[in-house]
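Taken in sequence, the protein lines are chains B and A. So in my numbering, the last one in the first sequence is 330, and the numbering has no gaps at all. So in my numbering, the last one in the second sequence is 330, and the numbering has no gaps at all. Just so you know, even glycine gets a beta-carbon here, dropped at the ideal spot from N, CA and C. Worksheet for the structure shown next.
There are 2 protein chains.
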Amino acid sequence: MALAGEFDIIARIFAPLARDSGALELKDDAAVLTVTDDHQIVVTCDALVSGVHFLKDDPPNSIGYKALAVNLSDLTAKGAYGYVYTLSLALPPETTMEWLEAFADGLAEVQDLTGISLIGGDTTATSGPLTITISALGLVQHEAAITRLGAKAGDRLYVGGPIGDAYLGLRLLQAPALAQDWGLSEEDVDYLIDRYRRPPIATSAALIVRNFAKAAIDVSDGLAADVEKLCNVSHVGAVIETTRIPFSPAARKVLNENPELLAELITAGDDYVPVIAVSENSAGLFESEAEDHGVSFTQLGTVAPPDQIRVLGVNGREMPLKNKGFTHFS
Amino acid sequence: MALAGEFDIIARIFAPLARDSGALELKDDAAVLTVTDDHQIVVTCDALVSGVHFLKDDPPNSIGYKALAVNLSDLTAKGAYGYVYTLSLALPPETTMEWLEAFADGLAEVQDLTGISLIGGDTTATSGPLTITISALGLVQHEAAITRLGAKAGDRLYVGGPIGDAYLGLRLLQAPALAQDWGLSEEDVDYLIDRYRRPPIATSAALIVRNFAKAAIDVSDGLAADVEKLCNVSHVGAVIETTRIPFSPAARKVLNENPELLAELITAGDDYVPVIAVSENSAGLFESEAEDHGVSFTQLGTVAPPDQIRVLGVNGREMPLKNKGFTHFS
């Protein structure tokens, strides 16, 4: 079906997602929110461009899911839970109502998982690729937000989920024949592609981050690059032991056959899991609390005195990395 | 100069705009804000696409100015003052550092005028047109935000600035020869083009709106269409008397020569001024307070019982309008 007018799109597709009364049913220029002063607001903003952050032919459901999930991932790394978000869509002419409906279903899935709610946005036409910009507001108890600042030498570094799956999923979408080269089953392929399209959402991770992390960062541009960013702000160094990095069974299969891909897995990004620094003293309690809440954190290294980030390969020797992570405009 | 990496762009161009400590100098995934509970937060989101909301060759300074000004205009119509904003940029390959620097100067001008501050954002590459998405947060005293709901039959309708200038400015940019047809001086042309590129910012308007408006809307899609939207939410009708609409001296010259352009001026949009409903009883006080604060509001009609919006032409008879305003996806 051809695209309806902007008012119809809002009323039919997006108003059902506006579950916070402050959204004024999306019938106004703006939303009005009440925040009590025992909380602070965490604000994040992530844009996704078709062909860069997702593939044009990805299911629209997964595109909506991913657009919101990557913003929640930023909030989680601050220890904040999702509250509300604005959605800006620049739509190319071929967009249909069916596409938008499925896209909104993906947003709704993340809303159901996390309690975040749409409060406003803008929809425009573009001659370029579909572009989705979400700015999300999260809430965190006063003074409890975790930033990149606060890691100290001797802290342990933990990661909140597997690394590299999304990168492998993207490679498989671009070149399906790789599945055979890599010795992957159909289930492995489905799993990896799904991780590219639908980043993990660990709903209790924010609580654990808030209670135990001294510093945290969301891994989106590559594990090595993002650990380096955290270290730069905290004025520390770090050692990452690649033998400790949690890889999914599917990614392990690929690495067993192609050990040279290790460098790519830890620099490609798109993981959307938190890396956090936890003090040695609280590590025991942290690990048991994380387990109790069903959140998977794995130690992958330690915070070191100010220095370069050192990434140790399978032989324990430092790995040379051409780039530590993804960068636009190179 | 070719575009630097994303980190350099943030550090050199945008970090100086992040004047709120909650922005964490843009060195984090997100910003952390404290809002006391005597205030509510107003959230707005506007996207601008090159070739749609501004012209590719507009001075980058004015593009930055406009992108932020149109969001502030939404906040003003809620009675809120600007607090912080996120900025998402999808940049085509030809973007230079000089362009970005001038763009940021335009943002800085609006920040200086209004006190709003950058707190975060995202920068991506695109193969399509430059797209700018801003989500702005404003503050308003608790329960003081003005919405589209609340206008009653008998209220007066006021508009907070001239109508149609931006439309004429755009026409002149597209067809400079019109200046002669319309009998405009060089100053007139400069004024109208400047109104297209740099929407008016009335820094005290939010205060007046908050204190006197029963309902309000930002005129961005066309005067007639936006008054209709306000009326739909308030379940009222309205009469707009075109003889009362404030037109700039330059727009008056055009209308004197081309009275048939009246319909276009009141439906074209891009005005970014508030229309508000004020009760008959408080109209006197409102007018004197507005004048004291140097904010120009002009009565252009009245709120009526539920009905269509009636727009009365120069002869006092109802004007037929093909469209009441701008719409994407028609």
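**Asked** Since B:P129 meets chain A, which of its residues come closer than 9 Å, beta carbon to beta carbon?
**Response** Per Cβ cutoff of 9 Å: A90, T126, S127 and G128.
- Query: Going by C-alpha distance, which of B:E101, B:D38, B:T126 and B:D188 is nearest B:R12?
  - Reply: Closest by alpha carbon: B:E101.
### Message
Whole angstroms are fine: how far does the CA of B:A304 sit from the CA of A:S330?
### Response
For A:S330, the predicted model reports a pLDDT of 43, less than 50, meaning its position is unreliable; a value from the coordinates is still stated below. When the Cα atoms are used, A:S330 and B:A304 turn out to be separated by approximately 59 Å.
Spell out whether any CB of chain A is found under 7 Å from the CB atom of B:G120. Yes, because at least one Cβ of chain A sits closer than 7 Å to the Cβ of B:G120.
Please list, in chain order, the chain A residues whose beta carbon lies closer than 7 Å to that of B:L75. The answer, in chain order, is A30.
Nearest chain A C-beta to B:V35 closer than 7 Å, yes or no? Taking Cβ atoms only, chain A reaches closer than 7 Å to B:V35, which makes this a yes.
* To do: Using the DSSP secondary-structure output, state which residues sit across from B:C45 in a beta bridge.
  => DSSP output for B:C45 lists B:S135 as bridge partner(s).
Worksheet item: So which residues of chain A does B:S185 contact, with C-beta pairs closer than 7 Å?
Response: Those do not exist, as B:S185 stays about 34 Å from chain A at its closest Cβ, beyond 7 Å.
**Study point:** Residue from B:G294, B:V140, B:P199 and B:K56 with nearest C-alpha to B:E109
**Key:** Cα-wise, what sits closest to B:E109 is B:P199.
Grab the span of the beta strand (DSSP E) containing A:V275 for me, first residue to last. Note, A:V275: beta strand (DSSP E), V273 to V278.
Next on the checklist: Checking 7 Å against the spacing of the C-beta atoms, do B:D58 and B:R197 come in under that value?
Outcome noted: In contact: B:D58 and B:R197 (Cβ atoms closer than 7 Å).
Given this structure, state the Cα-to-Cα distance separating A:N258 from A:L300, to the nearest angstrom.
When rounded, the distance between both Cα atoms is 21 Å.
N-terminal and C-terminal residue of the alpha helix (DSSP H) that B:L75 is part of
Counting along the chain, the alpha helix (DSSP H) containing B:L75 begins and ends at P60 to A77.
Among B:G325, B:I116, B:D194 and B:T298, which one has its Cα closest to the Cα of B:E241?
Nearest option by C-alpha distance: B:T298.
Q.
Rounding to the nearest angstrom, what Cα-Cα distance links A:A202 and A:N71 in this structure?
A. Cα to Cα, A:A202 sits roughly 13 Å from A:N71.
### Closest residue to A:A213 among A:E287, A:G121 and A:L33 (Cα-Cα distance)
Ranking A:E287, A:G121 and A:L33 by Cα distance to A:A213 puts A:E287 first.
Practice problem: Consider the Cβ of B:A41: report whether some Cβ of chain A lies at a distance smaller than 7 Å. | Solution: With the sequence shown as reference, residue 41 of chain B is identified as Ile, and Ala is not the correct amino acid for it. Taking Cβ atoms only, chain A reaches closer than 7 Å to B:I41, which makes this a yes.
Of all Cβ atoms in chain A, is any one closer than 7 Å to the Cβ of B:A47? At least one chain A Cβ lies under 7 Å of B:A47.
Check your understanding: Going by DSSP, which residues form a beta bridge with B:Q141?
Key -> Residue pairing by DSSP puts B:Q141 in a beta bridge opposite B:H39.
For chain B, is any of its Cβ atoms less than 7 Å away from the one on A:A145?
Chain B contact via Cβ: present.
Could you run through the segment 273 to 291 of chain B and flag, in chain order, every residue whose CB is less than 8 Å away from some CB of chain A?
Answer set for the segment 273 to 291 of chain B: empty.
Inset, instruction - Entirely within the segment 134 to 199 of chain B and at least 4 residues each: give me those alpha helix (DSSP H) ranges in chain order. - result: Correct list: 165 to 174, 178 to 181 and 186 to 197.
Any contact of the segment 267 to 280 of chain B with the segment 70 to 87 of chain B, i.e. 3+ C-beta pairs under 8 Å? Segment contact: the segment 267 to 280 of chain B against the segment 70 to 87 of chain B, three or more CB-CB distances shorter than 8 Å; contact assigned.
Item to check | Three-state class that DSSP yields for A:G284 in the structure shown | outcome: It is helical.
DSSP state of B:V227 mapped onto helix, strand, coil
Helix, per DSSP.
> Using a C-beta cutoff of 7 Å, does A:D155 count as contacting chain B?
Replying inline: Contact with chain B is absent for A:D155, since none of that chain's Cβ atoms lies less than 7 Å from the residue's Cβ.
7 Å Cβ shell around A:P306 - same chain, five flanking residues per side excluded: A distance below 7 Å between beta-carbons, with the five flanking residues on each side excluded, links A:P306 to the following residues of its chain, in chain order: H235, V236 and G237.
**Prompt:** A:K56: buried (16+ other C-beta within 10 angstroms of its C-beta) or exposed?
**Reply:** Looking at its Cβ environment, which holds fewer than 16 other Cβ atoms inside 10 Å, A:K56 is exposed.
Are the C-beta of A:D218 and some C-beta of chain B separated by less than 7 Å? For A:D218, the answer is yes, since a Cβ of chain B falls inside 7 Å of its Cβ.
request  = Could you tell me which of B:V314, B:Q174 and B:T302 sits nearest to B:A153, measuring between CA atoms?
outcome  = Ranking the options by Cα distance to B:A153, first place goes to B:T302.
Notebook entry, point to check: Can you tell me whether A:A338 is buried or exposed, with buried defined as 16 or more other CB within 10 angstroms of its CB?
Noted result: Lying outside 1 to 330, the shown extent of chain A, residue 338 of chain A is not represented and no answer is given.
Quiz item: Using 7 Å as the limit for Cβ to Cβ distance, is B:S117 near chain A?
Solution: No, its Cβ sits nowhere closer than 7 Å to a Cβ of chain A.
Quiz item: Where does A:S330 sit, in a helix, a strand or coil, going by DSSP?
Solution: The pLDDT assigned to A:S330 is 43, lower than 50, so where the model puts this residue is not dependable, and the model offers no usable value.
Determine which residues of the segment 15 to 27 of chain A have a Cβ less than 7 Å from any Cβ of chain B, and write them out in chain order.
Here the close residues are L24 and K27.
message = By the DSSP assignment, the alpha helix (DSSP H) with B:Q111 in it spans what residues?
response = Counting along the chain, B:Q111 sits inside the alpha helix (DSSP H) bounded by residues M97 to T114.
Could you compute how far the alpha carbon of A:V311 sits from the alpha carbon of A:T243?
The alpha-carbon of A:V311 is positioned some 10 Å away from that of A:T243.
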